[in-house]
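Comments concern the structure below.
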Amino acid sequence: MAALLSACGGGGGGGDSPAPAPPSPPTSSTCAAPAPNPALGVNPGPVPSPPAPSGAFVIVGTATYDFVPTNSTGRGLDYAGTTPRPIRGATVQLLDGANNVLATTTTSETGSYGFGLPSAQPVRVRVRAEIRRSGSPNGDRNFTVLDNTASNALYVLDSAPLTPAAGSNTVNLNAASGWGGSSYTGTRSAGPFAILDVAYAAQTKVASADPTVTLAPLQLYWSPNNQPAVGSSGGPDFPAGLIGTSFFTSSGSTRSLYLLGAANTDTDEYDSHVVAHELGHYLQSALSRDDSPGGAHSTQDELDLRLAFSEGWGNAWSGMALGSPLYTDSQGSGQAAGFAINVGTPPGAGDRGAYSESSSQYLLWTLHQDPAVGFTPIYSSMRGLAAAPTFTTLYSFAAQLKTALASAAASITSLWAGQQIVAQDACGSGESNAGANASNLPVYKDYGATAGVVQNYCVNTSSDPDNDGNKLGRHVYVRFALSGARTITATRSGGSFTGASDPDLVLVRSDGSRSFANAETTPTQALVTTLPAGTHVLGLEDFNLEAPANTPATSCFNLTVN
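Per the working numbering, residue 767 is the first one in the sequence shown, and the count goes up by one each step.
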């Protein structure tokens, strides 16, 4: 039966306290092995088929979408290989002639659904581009695919109207790709459901380790109008489809994912690994913690350690969720170009380290493929990072994993060493791989034990000639053991950079909670906070630091914790 795509609205300080006595000097407690996480369950298996509908008038069918695979080169789409795939776990509604909802169900693992009616009347079937589940012992889900260029309307797939005959009536629905042979000539109905199916695969993978987990709501925005350009303000203009790139973002409890859809430029609805990568960032935000500064990145870059881990996780996770190490991204005219990365291929000797996205993705994928490890310990270790008292890096992940798999600690250390990473503890103590600048080591600098002591720290652009602000050395990590009401102050003290300085601070307390001080202020930044007992870590950067004419520059600060 003919089906068409339409859209419907929706979707979318504490008080003063006496100064405590000076604590003992920082110890290795911040970097000690974390407590083990509890067992997380077993794979619950596929979603069962819904019960057979009952009634004098029955409507059954299957909902599918056109899937366009990657071509043989892994660098473009193969429209000749288009095949139907089931729409899994989606909401299905039976609507009357006035659009009232008569009944609601969910598609099965094979895309099947069914309704029963006591009497004949004009109806139509609607498949909504959403996965919703609540009140279930298996955990809540709320994923919706919305059109940011159409008032955030939810994508739906409707059947033609029908009046069922007595007995069984078959109504199959298919969301078409819209491809006309050499270009898109029809409505690209399949796009939202291709995206939704990656979300289904992602939540199924998570459930294989944690069947009862509740996942925070996620809004996935896609439109054929979404293009790699920005608005007049220099940032995204979502209603106009000027999103810049595909990305994940969160603000408070709202988590959103934006995906490109501009034909002949960059479309991502069939780039399943790209969608899964962004879902990896969502999962790290919703279930763990992501300290990444974000920004531009690529292989061969010496990245801030938090960014390297976050992006490597996203790439490796896409392979875990989709069962393939080949990360592909189609682009260009006819979506026939693009690039491919095999996360299972070890990076070259010049691209190894805790600052390497390539090392991160390779290590995580290798662990997943090891029968002695698999996904559950990886998932458990990622969950453990939520309360970690250090920044989220390959060091802190390794510390969590060694706790989950104590018997494999030596093997994990050896695997990390093969990527030129010393993983003695969550702080990377003893690391010898400094990247482009020896001043990047040690990974965490010690502040000292006495409140009010001035310490000097510098950041540099040795690995950041393009001034992206997120490369190795652009942030310095400092740890200290002071508690109570404190004011942390960073004041410009010099360096080769002569421009106006803008220090920014991010604090991770001993309980894993965070605070930020990133107001546009020159040349001093202050963070007023209350610190629990234990060792805390601080990240310091100069937002304005730039490397003139590709000449490395430094910016230095006096740091005090009063």
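We put the CB at the ideal spot given by N, CA and C, even for glycine.
According to DSSP, is residue i part of a helix, a strand, or is it coil?
i, result
"P1318", "coil"
"F1246", "strand"
"G811", "Confidence in G811 is poor, its pLDDT being 44 and thus under 50, which makes the residue's placement unreliable; the coordinate value appears in the next sentence. In this structure, G811 counts as coil in the three-state DSSP scheme."
"T1142", "helix"
"V964", "helix"
"L1325", "strand"
"P791", "With a pLDDT of only 33 at P791, under the threshold of 50, the placement of this residue in the model should not be trusted; the figure read from the coordinates follows. Coil, per DSSP."
"Y1121", "coil"
"I1009", "coil"
"A1154", "coil"
"A805", "In this prediction, A805 has a pLDDT of 36, which is less than 50 and means its spatial position is unreliable; nothing more can be read from the coordinates."
"I1178", "helix"
"A1074", "helix"
"R1149", "helix"
"A1087", "helix"
"L770", "In this prediction, L770 scores a pLDDT of 36, lower than 50, which makes its location untrustworthy; no coordinate-derived value is stated."
"S1126", "helix"
"S1064", "coil"
"S902", "coil"
"S998", "coil"
"S1173", "helix"
"T1132", "helix"
"T1111", "coil"
"G1184", "coil"
"S1058", "coil"
Beta-carbon of residue i versus every beta-carbon of chain D: anything under 8 Å?
i, result
"N908", "No chain D appears in this structure, which consists of one protein chain only."
DSSP beta-bridge partners for residue i?
i, result
"F1105", "D1095"
"K1237", "L1069"
"V889", "D862, L928"
"T1255", "A1292, T1326"
"D913", "A919"
"D1003", "L1008"
"S1022", "Q985, T1015"
"Q883", "For clarity, residue 883 is Leu in the given sequence; the question names Gln instead. Looking at the DSSP assignment, L883 forms a beta bridge with F823."
"E896", "T910"
"T857", "T872"
"S878", "T828"
"W945", "Y950"
How would you write the range of the alpha helix (DSSP H) that residue i sits in, first residue to last?
i, result
"Y1161", "1160–1170"
"L1053", "1038–1053"
"A1029", "It is not in any alpha helix (DSSP H) - A1029 carries neither H nor E in the DSSP assignment."
Give the range of the beta strand (DSSP E) segment to which residue i is assigned.
i, result
"T870", "867–872"
"S934", "933–936"
"A941", "939–941"
Does the region 868–883 touch the region 942–960, meaning 3 or more C-beta pairs lie closer than 8 Å? no
Going residue by residue through the region 1258–1313, where are the continuous beta strand (DSSP E) segments of at least 3 residues, counting only ones entirely within it? 1269–1274, 1280–1283, 1290–1297, 1302–1308
The region 977–986 touching the region 902–911, judged by at least three CB pairs closer than 8 Å: yes
Touching or not, the region 984–1003 and the region 1069–1085, by the rule of three or more beta carbon pairs under 8 Å? no
Give a yes or no on contact between the region 1222–1232 and the region 1273–1292, applying the rule of three or more CB pairs nearer than 8 Å. no
Three or more C-beta pairs below 8 Å linking the region 1126–1142 and the region 1238–1253: no
4-residue-minimum alpha helix (DSSP H) runs that sit fully inside the region 1189–1237, ordered along the chain: none
Kindly confirm or deny that the region 1152–1168 and the region 1053–1066 touch, where touching means at least three C-beta pairs closer than 8 Å. yes
Would you call the region 987–995 and the region 913–929 in contact, with 3 or more CB pairs under 8 Å? yes
Three-pair Cβ contact test at 8 Å for the region 1080–1092 versus the region 1031–1045: yes
If we count Cβ pairs, one from each stretch, closer than 8 Å, do we get three or more for the region 1099–1107 versus the region 835–846? yes
Complete runs of the beta strand (DSSP E) confined to the region 811–854 [at least 3 residues]: 823–833, 849–852
Given 8 Å as the limit, is there contact between the region 1208–1218 and the region 1163–1178, that is, 3 or more CB pairs closer than that? no
Contiguous beta strand (DSSP E) assignments of at least 3 residues, all confined to the region 948–992: 984–988
Take every Cβ of the region 1013–1022, pair it with every Cβ of the region 1087–1094, and state whether three or more of those distances are shorter than 8 Å. no
Could you say if the region 1283–1302 and the region 1230–1242 meet the contact criterion of at least three C-beta pairs nearer than 8 Å? no
Counting beta carbon pairs with one atom in the region 1031–1042 and one in the region 955–966, are three or more of them shorter than 8 Å? yes
Quick one: any contact between the region 1138–1150 and the region 1109–1126, if contact means 3 or more CB pairs under 8 Å? no
Okay, do the region 935–945 and the region 1006–1015 touch, 3+ Cβ pairs below 8 Å being the bar? no
Measuring CB atoms only, is the region 1092–1102 touching the region 1254–1265, in the sense that at least three cross pairs come out at less than 8 Å? no
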